[in-house]
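Scroll down for the structure; my scribbles are underneath it.
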Amino acid sequence: MNKPLQTLTQDPDARYASQRQTPTSTAVWLLIAVITMFFFLFTVAYRIRMTLPDWQAVNEPWQLAVSTVMLVMSCVTIHLCYRKSALLPSLRASHTLLIWSVAFTLGFVFSQLWAWQALLSANLGVGANPAASFFYLLTGLHGLHVLGGLIALSWVVFHAGSGHRNQLYPALRLCTRYWHFLLFVWLFLLGLLRLT
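Per my numbering, residue 867 is the first one in the sequence shown, and the count goes up by one each step.
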């Protein structure tokens, strides 16, 4: 049975399907809310732990600047990819931008590991002091959420490549929202670590 053609309507309250809040979009907002509460609770624990006398501040390694640049570039490229998919819903059209997004995101993860290596070289392991423990905990949890985003992006690419190209644009919109959220969380964590 053929679907009826969509026609313009005189009804001012009519909404097109693309403007509706999909269950997937609601799930992403819920995920963002849960992660926000998660990091908020760790921030509270961090601030409370700072007040105890055995707290020794850790000088953050310079590699965090590289991490920040990588995550910003990843957000820029995935946003451009999302915008391009609105005009050309073809995986081939967005292919280069997707590769750059993944490359910058992996660059972020590897620069985080590089920062950890710098701390380990300075004899600041996970158990060295409470500040170092929190550094590894906060950056590690953020890195896991970034890797989770990469898994979701891989699923989007696989799904679009297997014949569902009309779903590329809405899926990339959700991935872009998540990437921007991760950038916000990272900048917050960076400020928290640097200012304390």
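Just so it is clear, CB atoms sit at the ideal spot from N, CA and C, and this is done for glycine as well.
Cβ neighbour criterion (16 or more within 10 Å) applied to residue i
i	result
SER1020	exposed
THR917	exposed
PHE906	exposed
VAL924	buried
LEU1061	exposed
THR1042	buried
LEU1004	buried
SER987	exposed
Rounded distance between the beta-carbons of residue j and residue i, thought under 8 Å
i	j	result
LEU1040	SER951	With 8 Å as the limit, LEU1040 and SER951 do not qualify as a contact, their Cβ atoms being about 12 Å apart.
GLY1009	GLN978	5 Å
PHE1000	TYR912	5 Å
GLN1033	HIS1025	6 Å
Proximity of residue i and residue j at Cβ, strictly below 7 Å
i	j	result
GLY1015	TYR1035	no
GLN929	ALA984	yes
LEU1048	VAL1012	yes
ASN989	GLN922	no
Residue from the options whose Cα sits closest to the Cα of residue i
i	options	result
LEU937	LEU1056, LEU918 and THR892	LEU1056
GLY973	CYS941, LEU1053 and THR909	CYS941
PHE970	TRP982, TYR948, ASN995 and ILE944	ILE944
LEU1054	ASN995, ALA959 and THR902	Going by the sequence as given, residue 1054 is Phe instead of Leu. It is THR902 whose Cα lies nearest to the Cα of PHE1054.
VAL1022	TYR948, TRP982 and GLN922	TYR948
LEU963	ASP920, LEU953 and LEU946	LEU946
GLY1006	PHE908, LEU954, SER987 and LEU897	PHE908
TRP1052	THR892, ARG958, VAL935 and SER987	VAL935
VAL932	HIS961, PRO919 and TRP982	TRP982
Beta-carbon contacts of residue i that lie in its chain and below 6 Å, excluding the five residues immediately before and after
i	result
GLU926	LEU1059
TYR1002	VAL992
Beta-carbon proximity list for residue i, same chain, < 7 Å, skipping 5 on both sides
i	result
TRP980	GLN929
Own chain, CB closer than 8 Å to residue i, minus 5 neighbours either side, in chain order
i	result
ARG915	TRP921, PRO996 and PHE1000
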